[in-house]
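Counting from -15, one number per residue, gives the positions in the sequence shown under my numbering. Beta carbons are placed, not taken as given, at the ideal position from N, Cα and C, and that holds for glycine. Before any comments, here is the structure.
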Amino acid sequence: MKRALLVALILLVVGSISPPYDVILVRSDLPPDWLIAQTYSHSSGIPVVSTLPDTLEPHVETQLSGYKEAGFQNVLIVGGEEAISPAIQKALDGMGFATHRISEADRYGTSARVAVELYPSSKEVVLASGEDFEYYLEARRIASQMEAPILFARRGEVPVSVLNAMKSIGAKEVVLVGLNSEVTEDLLARGYAVKTGPTAGSPALDAKYIYLLIGIILGLLGFASISQIKKARDRVSYTLLTRDEEKVVKTIIEAGGEITQDQLPERTGFSRPKVSRTVSDLEGRGILSKEPDGRTQKLQVKKDFYEGNE
């Protein structure tokens, strides 16, 4: 009897920690919403789909249809109705998805809501400047390593909604990115342990991260102009990738530069969520392209890579 109760408890716990969503939908040209979505995607393994504010482009609709056929059911929309219109949410409902929207009046409130709903018991948070996009890549890197939520603050002030969210989720330690000493002193006075990353007024990124940020912005805008960057920087070092990203890229290159995503778990030894997360990150930086191929995605490497620092 005790054994049966223990098994039931384990199943209950495992089920309770499964991500409640299958896909994240975010507007393609709003970096704050995109940053929040990508950070949660990294920790949960949920793919991120970018959209225009008022309509689902044919390739986006095809991608979502593929996910639906694969059994994906629940879509998380990050951003208010001005970011992603009710018409898009209605279209998703018409496709058979169950949708849930997380948003507030501004990026600060939205980041707070996401933290409370998706990270209900996080001891660590990353607090980033909501006004300075140049710090976003570093904030995302730190948050991904910590598997912690990103919250936004003004340069010299932490909004009340964010402070309330930190208290609600039980945060004890805060890593600051792009914020000044006033925020540090305020949080120390409130009893938080504070670590600092790049601060306001300091260089946020070195050359390699600036290049990655350019790739992200181009990917978000969805323009084919990434080919113009290739002309100037057509060769990229593997040192710009994490070990997992390097393994995925090399696996695709070894397959001739093109492969379907469903082959990657077996070839890399990674789980499907890990593959999905890594591919999403690489696509966002303009390193991979993907297009629907039946119930999976066809992946292509869009950069030429070399070993070391050439």
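Unbroken alpha helix (DSSP H) stretches of 4 residues or longer found wholly inside the stretch 141 to 171: 144 to 153, given in chain order. In the structure shown, the three-state DSSP call for Tyr24 is helix. Taking Leu272 as the centre and dropping the five residues before and after it, the same chain places the C-beta of Val263, Leu266, Leu283, Gln284, Val285 and Lys286 closer than 7 Å to its C-beta, in chain order.
Excluding its 5 nearest sequence neighbours in each direction, Gln247 has C-beta neighbours in its own chain below 8 Å: Ala239, listed in chain order. When Met150, Gly140 and Leu172 are compared, the shortest CA-CA separation from Leu163 is found for Gly140. A straight-line Cα-Cα distance of about 7 Å links Val109 and Leu135.
Separation of the CB atoms of Ile86 and Arg11 is rounded to 13 Å, and the pair is thereby denied contact status at 8 Å.
Annotation: the stretch 108 to 135 contains the following complete segments of the alpha helix (DSSP H) (minimum length 4 residues), in chain order: 120 to 130. A straight-line Cα-Cα distance of about 32 Å links Arg91 and Thr223. Per DSSP, Leu272 is one residue of the beta strand (DSSP E) stretching across Leu272 to Asp277. Note on Ser106: 16 or more other CB atoms within 10 angstroms of its CB, so buried under the neighbour-count rule.
Between Pro104 and Ser260, the C-beta spacing is not below 8 Å.
Per the Cβ contact rule, the stretch 25 to 43 is in contact with the stretch 70 to 79 (3 or more Cβ pairs under 8 Å). CA-CA distance, Asn58 to Ala173, rounds to 41 Å.
Within the model, the alpha-carbon separation for Glu66 versus Val144 is close to 23 Å. Gly63 is a Cβ neighbour of Asp17, given a cutoff of 8 Å.
Shown here for Ser27: same chain residues with a beta carbon closer than 6 Å to its own, the five before and five after excluded, namely Glu131 in chain order.
Taking 4 residues as the shortest admissible run, the stretch 44 to 94 contains the following complete alpha helix (DSSP H) segments, listed from N- to C-terminal end: 70 to 78. If you check the CB distance, Tyr24 and Val146 do not come in under 8 Å. Counting along the chain, the unbroken beta strand (DSSP E) around Glu242 starts and ends at Glu242 to Thr244. With contacts defined as CB atoms closer than 8 Å, Val178 and Ile126 fail to qualify as a contacting pair.
DSSP, read as helix, strand or coil, puts Ser34 in strand. Annotated as proximal: Val158 and Leu111, with beta-carbon spacing under 8 Å. In this structure, Ala96 places its C-beta atom within 8 Å of the C-beta atom of Ala149.
Proximity to Gly268 across Glu229, Ala82, Thr168 and Phe81 peaks at Glu229, based on C-alpha coordinates.
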